[in-house]
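In the working numbering, each number is its position in the sequence shown, counted from 1, plus 28. The C-beta atom is built at its ideal place from N, Cα and C for all residues, glycine as well.
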Amino acid sequence: DMVRKARVSLALQPVATALFANSPIKEGKLNGYQSYRRRVWDDVDPDRCGYLPWIFEDGFGFEKYVDYALTVPMYFVYRNGRYVDVAGQSFGDFMKGNLSALPGEVATMQDWEDHLTTIFPEIRLKRFLEMRGADGGPWNMICALPAFWVGLLYDDQALQEAEDLVSSWTAMDRLHMQENVARDGLKMECAGRAGERTTMQELAKEVLRISEGGLRRRGEDEEGFLEKLHAIADKGTNQAEELESKFTKLWRGGVDPLFVDQVS
29 DMVRKARVSL ALQPVATALF ANSPIKEGKL NGYQSYRRRV WDDVDPDRCG YLPWIFEDGF
89 GFEKYVDYAL TVPMYFVYRN GRYVDVAGQS FGDFMKGNLS ALPGEVATMQ DWEDHLTTIF
149 PEIRLKRFLE MRGADGGPWN MICALPAFWV GLLYDDQALQ EAEDLVSSWT AMDRLHMQEN
209 VARDGLKMEC AGRAGERTTM QELAKEVLRI SEGGLRRRGE DEEGFLEKLH AIADKGTNQA
269 EELESKFTKL WRGGVDPLFV DQVS
């Protein structure tokens, strides 16, 4: 179950990025990206951040993720109310009591959970799957995000449809989306069903159809949370593009109205 959901989630993370992109402004200027937040993560510590292509390899499971987490250098150990700097040291050594900063101390399960909080891939495996592809936004988008993923992952038929949709994508297809969606959003060309070329806009429509079906079958009257996402996909214009237009035309390069805009 985890493996199926992790693979679908990682494959479709760029769709979430395109739909929820909302960070086109930096230091009072347009930055050239629809999701600059997503772009920034490309420049953060590669040992603990980014895209995990081996999730799609045979043999992926909890053990493989644990092996990965053990290779990530540590940041800290929390002991007696203070954070002990162990940057760059190995959690494997900690398990053996061989940390130079804490000689003889052996890692606990709480230490392991703390260590997992210092890892920031596009999806993060904890006691649940944490999705990290979407920008923040106003209230209707905050509500739309969990509905989007619940519809895809918490219904057996929807999960199977999502698997079928992404099953033919190659490693290069997935990497292309991951590397370009922050800049191009819904306008980018990408793989679609059966590997045919399509646009991110059309792919998003298909994914939303699957998600809405999953929510409907749950019977919790949650489909309405997807209304804003449907509007974005149908129009082909996300929040970032709307902000860019307002910034240049309506706000004349000012950012103060942005704060009102994002809470309305």
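For residue i, which option in the options has the closest C-alpha, if you only look at C-alpha atoms?
i	options	result
K233	Y93, A261, G242, E224	A261
G282	L40, N50, L58	L58
L157	D71, A199, L144, N168	L144
R107	D95, Q138, V43, N126	Q138
N168	Q290, T45, A44	Q290
Q229	A46, C171, T99	A46
R66	E217, V209, Q267, V178	V209
M74	R155, I147, G56	Position check: residue 74 holds Pro in this sequence, whereas Met was assumed. When only C-alpha atoms are compared, the closest one is I147.
Q117	R110, G109, F104	F104
T265	G220, F253, V288, M216	M216
M30	D71, R155, E270, L286	R155
I170	V288, G125, L254, D71	L254
Between the beta-carbon of residue i and the beta-carbon of residue j, is there less than 9 Å?
i	j	result
P81	R202	yes
H258	L236	yes
T27	L214	In the structure displayed, the chain extends from 29 to 292; residue 27 sits before or after that span and is not available.
P52	E248	no
M123	A115	no
Please look up how many angstroms separate the CB atoms of residue i and residue j, rounded, as I've assumed it's under 8 Å.
i	j	result
F48	G132	With 8 Å as the limit, F48 and G132 do not qualify as a contact, their Cβ atoms being about 47 Å apart.
V112	A129	6 Å
R245	D192	Not confirmed; about 17 Å, so no contact.
F119	L98	6 Å
R211	Y61	5 Å
Y79	Q206	5 Å
To which residues of the same chain is residue i closer than 8 Å at the C-beta, ignoring the five residues directly before and after it?
i	result
L187	R32, K33, V36, L180, L181, G242
I238	G179, L180, A186, E189, A190, L193
A199	P81, F84
D142	F104, V105, Y106
G125	P131, G132, E133, V134
Excluding sequence positions up to five away, which residues of its chain have a Cβ less than 7 Å from the Cβ of residue i?
i	result
S196	A222, G223
I151	A34, S37, L38, Q41, L157, E158, M159, R160
C77	W69, F148, P149
W140	none
Is residue i near the ligand SAM, with its Cβ less than 8 Å from a heavy atom?
i	result
F156	Absence of the ligand SAM is noted for the structure shown, with no ligands found whatsoever.
Which partner residues of residue i appear in the DSSP bridge assignment?
i	result
C77	F148
Y106	Y111
M159	I151
K54	K57
T136	In the DSSP output, where bridge partners are listed per residue, T136 has none listed.
C218	T226
S63	S51
Could you pull out every residue in the same chain whose Cβ sits closer than 6 Å to the Cβ of residue i, ignoring the five residues on either side in sequence?
i	result
A162	A44, F48, L173
E251	E240, L243, R244
G63	Per the sequence presented here, residue 63 reads as Ser, with Gly not at that position. Once the five neighbours on either side are set aside, the close Cβ partners of S63 are T45, A49, S51, D163, A210.
L153	Y93
V100	D75, R76, I147
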